[in-house]
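Remarks on the structure that follows.
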Amino acid sequence: MKNKTGTLMIQGTSSDAGKSIFVTALCRIFARKGIKTVPFKAWNMSLNSYITENGKEIGIAQALQARAAFRKASVDMQPILVKAMGDGQTQIIIKGEVDRKINYHKKKNNYLEVYENTIKDSLKRLRKDNELVIIEGAGSPAEINRTSPDFANMFTAEIYNSPVLLISSIEKGGCLASLVGTLKLLSPAHKKLVKGLIINKFRGDYNLLKPAVKFLEDYTKKEVMSILPYLKDLNLPEEDSASLNPNNYEENSKKLKIAVIRLPHMSNFSDFNSLKMETDLKLEYIENNENLLDFDLIIIPGTKTTTKDLDFLKKSGLAAEIKKANQAGIMIIGICGGFQMLGRKLIDKHGTEGDIKKINGLGLLDINTKFLNKKTTHQVKVKINLTQQFENLISRFSPQEIFVGYEIHMGQTEYLNETEELFKIIKRSNIKVNLKDGAVNQAGNCFGSYLHGLFDNDNFRSALLNKLRNKQSMGAEQKSYNYQKEIENNLDRLADMVEKNIDINKLLKLSRR
Numbered sequence: 001m002k003n004k005t006g007t008l009m010i011q012g013t014s015s016d017a018g019k020s021i022f023v024t025a026l027c028r029i030f031a032r033k034g035i036k037t038v039p040f041k042a043w044n045m046s047l048n049s050y051i052t053e054n055g056k057e058i059g060i061a062q063a064l065q066a067r068a069a070f071r072k073a074s075v076d077m078q079p080i081l082v083k084a085m086g087d088g089q090t091q092i093i094i095k096g097e098v099d100r101k102i103n104y105h106k107k108k109n110n111y112l113e114v115y116e117n118t119i120k121d122s123l124k125r126l127r128k129d130n131e132l133v134i135i136e137g138a139g140s141p142a143e144i145n146r147t148s149p150d151f152a153n154m155f156t157a158e159i160y161n162s163p164v165l166l167i168s169s170i171e172k173g174g175c176l177a178s179l180v181g182t183l184k185l186l187s188p189a190h191k192k193l194v195k196g197l198i199i200n201k202f203r204g205d206y207n208l209l210k211p212a213v214k215f216l217e218d219y220t221k222k223e224v225m226s227i228l229p230y231l232k233d234l235n236l237p238e239e240d241s242a243s244l245n246p247n248n249y250e251e252n253s254k255k256l257k258i259a260v261i262r263l264p265h266m267s268n269f270s271d272f273n274s275l276k277m278e279t280d281l282k283l284e285y286i287e288n289n290e291n292l293l294d295f296d297l298i299i300i301p302g303t304k305t306t307t308k309d310l311d312f313l314k315k316s317g318l319a320a321e322i323k324k325a326n327q328a329g330i331m332i333i334g335i336c337g338g339f340q341m342l343g344r345k346l347i348d349k350h351g352t353e354g355d356i357k358k359i360n361g362l363g364l365l366d367i368n369t370k371f372l373n374k375k376t377t378h379q380v381k382v383k384i385n386l387t388q389q390f391e392n393l394i395s396r397f398s399p400q401e402i403f404v405g406y407e408i409h410m411g412q413t414e415y416l417n418e419t420e421e422l423f424k425i426i427k428r429s430n431i432k433v434n435l436k437d438g439a440v441n442q443a444g445n446c447f448g449s450y451l452h453g454l455f456d457n458d459n460f461r462s463a464l465l466n467k468l469r470n471k472q473s474m475g476a477e478q479k480s481y482n483y484q485k486e487i488e489n490n491l492d493r494l495a496d497m498v499e500k501n502i503d504i505n506k507l508l509k510l511s512r513r
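Using the UniProt record's numbering, the first residue of the sequence shown is number 1, and each one after it goes up by one.
What follows is the structure, given as structure tokens:
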């Protein structure tokens, strides 16, 4: 098809090459110039997801890219989301809703046609209503097992003959070989769509790289369009767990220590980005059995397979260490699946979470959870329940204070023995409600909630951390930074760096050829 509305596609030589961040930068750059810009990713495999205003599920990266372009996130920006559940099982989310489970070892009759039509339909709608679509690929376009067709990459590029830029990270080595090898493995038609190369995360003397750039251009007959420098401390949510690292801190300074349990199927790790950006705490991801008594706070995150990952906690010995830490007075927090794990029992008669039909929880909260076939997905607004036990924390909030977050879960939780909720949900997907969320133990040192994005609320995060600081006698209480303002500052900082290091007018002209 003829490319009437501008389209430009960014593909990578591997995961974590920088595709997502580069697309984010381009969305902000073109949007700042007054061009109606929108992101698009046809197919995404990620456990890090986001809920749109109307309760639909998409990848977190496309939500950030939409924000960079000053747009509201929609399912057309990311119409197919794949969530791995282990043992060959996947959850397929089409247009924001769970469609089916597919085992890739078994042949399915009609899903290829469904995916093709879904991708084409969403991209067509985005092009109709916008001036420029920045398309992100997934993984590498040269994966041999994904050529029939590779929905995420060249299939999407071919729909409107979108020009492709191929990006590779030089940070971990093998960048030049990756660019050359990827191009060699592409078919002649697909290789023709690649119009330029991007080298990402370069630090050092550019003069030393010049011979490599000349070799690349001579050998591949493709222009190296940019050498993007490594941008230190870029604090933006990312979708790929390959990018997960603890925050930087000085070993000799007095800091809070927070452990996040790195579950095998951990999801929505962007929940902890706001904590990572705090200057006086150390954030560690823990996946092996170790003594947790040195930490001030232990967080059990969300997961795609709650019962399987709870079984992992028990078999690894981490469950025993978490309970031991709580008995010693260390605060435990569970988010979504982690909240469910803190309860008495988890019951899954339908096999929603896997093969485990019933499993005892950690027993730190007086709740039970039953898993259903239907997923709950909402943006929500909540008020803290001022009658429950967490007085040292809730005394800092007024009855009118509202916190925001979003729900993505299969289970429904019931409260036992007059257990009180942590929050009262007052809005779900912009509809007024009066529902319970979360729970707190009697001692006030263990609580859980279904709310993803809970720590992004500055006042809540500040009160929680000050409670921990007071316990450690760390001096005067601190007010947390403005997380949303920090995100905006980093989006602009990223865009400024990319705009300085690439010919934006050339990209715009290329997109409209």
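From the three backbone atoms N, C-alpha and C, an ideal C-beta is built for every residue, glycine too.
Asked                                                                                                                                                  : Found
Would you call the stretch 35-42 in contact with the stretch 134-143, where contact means no fewer than 3 C-beta pairs closer than 8 Å?                : yes
Quick one: using the 10 Å Cβ neighbour count with 16 as the cut-off for buried, is residue 399 buried or exposed?                                      : exposed
In three-state DSSP terms, what is residue 105?                                                                                                        : In this prediction, residue 105 has a pLDDT of 45, which is less than 50 and means its spatial position is unreliable; what the coordinates show is noted afterwards. Looking at residue 105 - three-state DSSP - the assignment turns out to be coil, as it is neither helix nor strand.
Tell me, which residues are paired with residue 379 by DSSP?                                                                                           : 406
With H, G and I counted as helix, E and B as strand and the rest as coil, what does DSSP make of residue 178?                                          : helix
Starting from residue 23, follow the alpha helix (DSSP H) in both directions and report where the run begins and ends.                                 : 19-32
Whose C-alpha, out of 427, 352 and 442, is nearest the C-alpha of residue 412?                                                                         : 352
So within the stretch 297-349, which uninterrupted alpha helix (DSSP H) runs reach at least 4 residues, ignoring any that extend past its ends?        : 306-316, 318-327 and 337-341
Quick check on the burial criterion: 16 or more other C-beta atoms within 10 angstroms. Buried or exposed for residue 380?                             : buried
Tell me the rounded alpha-carbon separation between residue 500 and residue 221.                                                                       : 24 Å
Which residue marks the beginning of the beta strand (DSSP E) containing residue 282, and which one marks its end?                                     : 281-286
Measuring straight from C-alpha to C-alpha, what distance separates residue 29 and residue 498?                                                        : 8 Å
Given this structure, state the Cα-to-Cα distance separating residue 452 from residue 364, to the nearest angstrom.                                    : 20 Å
Cα separation between residue 10 and residue 321?                                                                                                      : 44 Å
List the residues that DSSP assigns as beta-bridge partners of residue 528.                                                                            : Nothing in the structure corresponds to residue 528, since the chain is present only between 1 and 513.
Given a cut-off of 9 Å on the beta-carbon distance, is the pair residue 367 and residue 237 in contact?                                                : no
For residue 131 and residue 35, which I take to be in contact (beta-carbon distance under 8 Å), what is that distance rounded to the nearest angstrom? : 5 Å
Scan the stretch 444-513 and note each continuous alpha helix (DSSP H) run of 4 residues or more that stays entirely inside, going in chain order.     : 458-471, 483-500 and 504-511
Since residue 224 is in the beta strand (DSSP E), which residue starts that stretch and which ends it?                                                 : 223-229
From residue 121 to residue 336, what does the alpha carbon distance come to, in whole angstroms?                                                      : 33 Å
Where are the beta strand (DSSP E) runs, 3 residues long or more, that stay fully inside the stretch 47-74, in chain order?                            : 49-51 and 57-59
Excluding sequence positions up to five away, which residues of its chain have a Cβ less than 7 Å from the Cβ of residue 75?                           : 52, 56, 58, 95 and 96
Which value, in whole angstroms, describes the spacing of the CA atoms of residue 485 and residue 168?                                                 : 30 Å
Do the stretch 223-230 and the stretch 188-201 touch if we need at least three Cβ pairs shorter than 8 Å?                                              : yes
Measuring straight from C-alpha to C-alpha, what distance separates residue 328 and residue 293?                                                       : 8 Å
DSSP on residue 163, reduced to helix/strand/coil?                                                                                                     : coil
Restricting to runs no shorter than 3 residues, where is the beta strand (DSSP E) found entirely within the stretch 110-159?                           : 132-136
Judging by CA-CA distance, which residue of 4, 173 and 438 is the nearest neighbour of residue 129?                                                    : 4
Measure the C-alpha to C-alpha separation of residue 404 and residue 457 and round it to an integer number of angstroms.                               : 7 Å
Distance, Cα to Cα, residue 54 vs residue 431?                                                                                                         : 10 Å
Can you tell me the Cα-Cα spacing of residue 47 and residue 270, whole angstroms?                                                                      : 10 Å
For residue 516, name the three-state secondary structure that DSSP assigns.                                                                           : Because the chain is modelled from 1 through 513, residue 516 falls outside the range shown and cannot be assessed.
Please report the distance separating the alpha-carbon of residue 314 from that of residue 473.                                                        : 33 Å
Leaving out five residues before and five after residue 347 in sequence, what residues of the same chain have Cβ atoms less than 8 Å from its Cβ?      : 357, 358, 368, 369, 370 and 371
Using DSSP's beta-bridge definition, name the partner residues of residue 401.                                                                         : DSSP lists no partner for residue 401.
Going by Cα to Cα distance, which pick from 174, 27 and 307 is closest to residue 350?                                                                 : 307
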